[in-house]
Amino acid sequence: MSDKIFIGIDSGATTSKIAAVRADGSIFPSELLQRPTSSEGGTGAVIKAWVGAINEFLALHDLKWDQVDGVGLAVPGPRRSYGVLDSSPNLSAEFDGWNVERDLRVALEHESGRGLPLALGNDGNFGGVAEAHRARGSEACGVVMLAPGSGLGGAYVDAAGLPMDGDTLAGMEVGHLAAPLHLLGVDAMTCGCGRDWGCYEMYTALAGLPGLIERALPRYPGHVLEDPSLGKKQRAMKLRGLAQEGDALALEIFDLQARAMGLLVAELAMAVDPGCFVIGGGLIDPDATTLEFRERYLGRIKETALKYLWKPQQEKLRIVPATLGELSQAVGAALVARHVAEMA
Ligand SMILES: [Zn+2]
């Protein structure tokens, strides 16, 4: 096997993670390496932190720079254009308009002694690339990744393994599509994005739980979440644990979230007709939920979606849980770097 590797950096505002893949696309076995992004020190400090973390990763695994054939960087949106960051509430004004692509390219060239292929992309899309790579195995098919967390992330990865970014890099912002509320039996809750048409995010992710709990509580008099000392957020955080214990209110709400996700799966099948859907997020995390709960959640998603699909889709549809957890975005960045290097 070739000893070449491709490095992926998953940059968050506070910490960055490093992962690598081999030339054959397999994940380089390593512990999660996570280091401060150092954004408080400005753009130069961030570049230095990333390069330092790569150096540490290489040293840990007895690797040299001449084995590195490409680097990928996953950054949170929004971005102004390819490689240029937009202003973000988490970053100082210095980062507004920063050409991260150019600065990182220069730093990598300095470090490695040669020009290296560099791939840059949205972290959610790169996470989708890695999960799609895993989920599709040897089958060439399009994959949609849906990851409910605080909001609802989405990605479409084509059969070649590349994400659909869109012309303003806002492609697959599926959390802000409108859900068919009449099928869910709920009213339109205004989303954090400002839209009032009933964004899916409000019915599938943490963001909408306070509102859903508020609507459900009157049907469950004396419920433990009625406790007035609990804040809205605390209630939402408690819900997942309650569902694992079989609490009826909690299960009702997660069933609703699963049905909403099922409807979204069906709508996306109409739009991009993928062979596989990957569901990520805390609800399918084996460390956070029981097998029984996960089967119920994924089962409801599938059962809801099936009704709305074309016949060939009904026969073929695969819905699988995500498996890479917090490594996915760094691994996806490395995989896209590998693709870019192949194209070069
Ligand atoms: Zn929205």
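Numbered per the working numbering, the sequence shown finishes at 467, counting up by one with no gaps.
Glycine is no exception: its CB is placed at the ideal position from the N, C-alpha and C atoms.
Item checked: For G276, the three-state DSSP class (helix, strand or coil) -> If you number the sequence shown from 1, residue 276 lands on position 153. It is a strand residue.
Margin query: DSSP three-state label for A311, please.
Written below: Translated into the one-based positions of the sequence shown, residue 311 becomes position 188. Coil, per DSSP.
Notebook entry, point to check: Can you give the Cα-Cα distance for G385 and H299, rounded to whole angstroms?
Noted result: On the sequence shown, residue 385 is found 262 positions in, with the first residue counted as 1. On the sequence shown, residue 299 is found 176 positions in, with the first residue counted as 1. The straight-line gap from Cα to Cα measures roughly 15 Å.
Margin query: What would DSSP say about S139, mapped onto helix, strand or coil?
Written below: The residue given as residue 139 occupies position 16 in the sequence shown. Strand.
Check: When every heavy atom of ligand 1 is checked, does at least one fall within less than 8 Å of the C-beta of R80?
Finding: No statement about residue 80 is possible, as the shown extent of the chain runs from 124 to 467 and does not include it.
Next item on the list: Report back the beta-carbon spacing between G131 and A142 to the nearest angstrom; my notes put them in contact at under 8 Å.
Entry: Position 8 of the sequence shown, counted from the start, is the residue given in the question as residue 131. Position 19 of the sequence shown, counted from the start, is the residue given in the question as residue 142. Between A142 and G131 the Cβ distance is about 5 Å, and since that is below 8 Å, they are a contact.
Note to self: For ligand 1, I want to know if E324 counts as a neighbour, meaning its beta carbon is within less than 8 Å of at least one of the ligand's heavy atoms.
What the structure shows: Within the sequence shown, numbered from 1, the residue matching residue 324 stands at position 201. It does: the Cβ of E324 is within 8 Å (strictly closer) of some heavy atom of ligand 1.
Item checked: Identity of the residue in A460, A456, V463 nearest D133 by Cα -> Residue 133 sits at position 10 when you count from the first residue of the sequence shown. Here the closest residue by C-alpha is A456.
Next item on the list: My understanding is that T137 touches T160, with C-beta atoms under 8 Å, so please give their C-beta distance in whole angstroms.
Entry: For this step, residue 137 is matched to residue 14 along the sequence shown. For this step, residue 160 is matched to residue 37 along the sequence shown. With a Cβ gap of about 6 Å, T137 and T160 count as contacting.
Next item on the list: Answer with buried or exposed for G238, where buried requires no fewer than 16 other C-beta atoms within 10 angstroms of its C-beta.
Entry: Against the sequence shown, residue 238 aligns to sequence position 115. Classification for G238: exposed.
Next item on the list: Evaluate contact between the region 286–300 and the region 314–327, counting only Cβ atoms and requiring at least three cross-stretch pairs below 8 Å.
Entry: yes
Checklist line | Coil, strand or helix - R468 by DSSP | finding: In the structure displayed, the chain extends from 124 to 467; residue 468 sits before or after that span and is not available.
Next item on the list: Please find out if some non-hydrogen atom of ligand 1 comes closer than 8 Å to the beta-carbon of G247.
Entry: One-based indexing of the sequence shown puts residue 247 at position 124. Checking the Cβ of G247 against ligand 1 gives no.
Checklist line | Straight-line Cα distance separating S352 from R257 | finding: In the sequence shown, counting from the first residue as 1, residue 257 sits at position 134. In the sequence shown, counting from the first residue as 1, residue 352 sits at position 229. Roughly 44 Å separates the two Cα atoms.
Note to self: Given a cut-off of 9 Å on the beta-carbon distance, is the pair V191 and K127 in contact?
What the structure shows: Here residue 191 corresponds to residue number 68 of the sequence shown, with the count starting at 1. Here residue 127 corresponds to residue number 4 of the sequence shown, with the count starting at 1. Yes, these two residues count as a Cβ contact at 9 Å.
Item checked: Secondary structure of F377, DSSP reduced to three states -> For this step, residue 377 is matched to residue 254 along the sequence shown. Three-state result, F377: helix.
Margin query: Give the list of continuous beta strand (DSSP E) stretches no shorter than 3 residues that lie fully inside the region 378–442.
Written below: 399–402
Check: Across which residues does DSSP place S134 in a beta bridge pair?
Finding: Counting from 1 along the sequence shown, the entry for residue 134 is found at position 11. Bridge partners of S134: S139.
Margin query: Given 8 Å as the limit, tell me if G298 has its C-beta closer than that to any heavy atom belonging to ligand 1.
Written below: In the sequence shown, residue 298 corresponds to position 175, counting from 1. True, at least one ligand heavy atom lies under 8 Å from that Cβ.
Check: Hey, Y326 and V309 are a contact pair by Cβ (cut 8 Å); roughly how many whole angstroms apart?
Finding: Translated into the one-based positions of the sequence shown, residue 326 becomes position 203. Translated into the one-based positions of the sequence shown, residue 309 becomes position 186. Y326 to V309, Cβ: 7 Å. Contact.
Notebook entry, point to check: Going by the CB atoms, is the gap between R419 and D378 shorter than 9 Å?
Noted result: Working through the sequence shown from its first residue, we reach residue 378 at position 255. Working through the sequence shown from its first residue, we reach residue 419 at position 296. Yes, these two residues count as a Cβ contact at 9 Å.
Check: Using 8 Å as the Cβ pair cut-off and three pairs as the minimum, do the region 400–418 and the region 360–368 touch?
Finding: yes
Margin query: What I want to know is whether the C-beta of C399 ends up closer than 8 Å to one or more non-hydrogen atoms of ligand 1.
Written below: As a first step, residue 399 is located in the sequence shown; it is residue number 276 there, counting from the start. No, since every heavy atom of ligand 1 falls outside the 8 Å radius drawn around the Cβ of C399.
Notebook entry, point to check: What's the gap between the Cα of A460 and the Cα of P240?
Noted result: In the sequence shown, residue 460 corresponds to position 337, counting from 1. In the sequence shown, residue 240 corresponds to position 117, counting from 1. The straight-line gap from Cα to Cα measures roughly 7 Å.
Item checked: Cβ-heavy atom distance, G276 to ligand 1, below 8 Å -> Counted from its first residue, the sequence shown places residue 276 at position 153. Not so, every heavy atom of ligand 1 lies at least 8 Å from the Cβ.
Checklist line | Contacting residues, own chain, Cβ-Cβ under 7 Å from K355 (five flanking each side not counted) | finding: As a position in the sequence shown, residue 355 is number 232, starting the count at 1. Result list for K355: P333, in chain order.
Item checked: Secondary structure, alpha helix (DSSP H): runs of 4+ residues fully inside the region 321–384 -> 324–327, 332–339, 355–367
Check: Residues in its own chain within less than 7 Å of L447 by CB, not counting five upstream and five downstream?
Finding: In the sequence shown, the residue the question calls residue 447 occupies position 324. Taken in chain order, the residues that qualify are A253, E254, R257, V454.
Item checked: Residue nearest to V144 in terms of C-alpha spacing, selected from F129, Q436, E232 -> As a working mapping, residue 144 is identified with position 21 in the sequence shown. Taking only the C-alpha atoms, the option nearest V144 is F129.
Next item on the list: Identify whether M124 lies in helix, strand or coil by the three-state DSSP scheme.
Entry: As a position in the sequence shown, residue 124 is number 1, starting the count at 1. Confidence in M124 is poor, its pLDDT being 48 and thus under 50, which makes the residue's placement too unreliable to answer from.
Check: What residue from T427, L450, P199, A381 has the CA that sits closest to F151's CA?
Finding: To locate residue 151, count along the sequence shown from 1; it is residue 28. Out of T427, L450, P199, A381, L450 has the C-alpha closest to the C-alpha of F151.
Check: Excluding sequence positions up to five away, which residues of its chain have a Cβ less than 6 Å from the Cβ of C316?
Finding: The count along the sequence shown starts at 1 and reaches residue 316 at position 193. If we look at C316 and ignore the five residues flanking it on each side, its Cβ neighbours are H299.
Next item on the list: Examine ligand 1 and report whether any of its heavy atoms sits within less than 8 Å of the Cβ of G294.
Entry: As a first step, residue 294 is located in the sequence shown; it is residue number 171 there, counting from the start. For ligand 1, not one heavy atom lies less than 8 Å from the Cβ of G294.
Checklist line | Cβ distance (whole Å) where I424 is taken to contact A381 below 8 Å | finding: As a working note, residue 424 is residue 301 in the sequence shown. As a working note, residue 381 is residue 258 in the sequence shown. Yes, they are in contact, since the Cβ atoms of I424 and A381 sit about 5 Å apart, within 8 Å.
Item checked: Coil, strand or helix - R318 by DSSP -> Numbered from 1 along the sequence shown, position 195 holds the residue referred to as residue 318. Of the three classes helix, strand and coil, the one that applies to R318 here is coil, per DSSP.
Checklist line | Whole-angstrom distance between N245 and L183, CA atom to CA atom | finding: The residue you call residue 183 lines up with position 60 of the sequence shown. The residue you call residue 245 lines up with position 122 of the sequence shown. Each residue's Cα considered, the two are about 27 Å apart.
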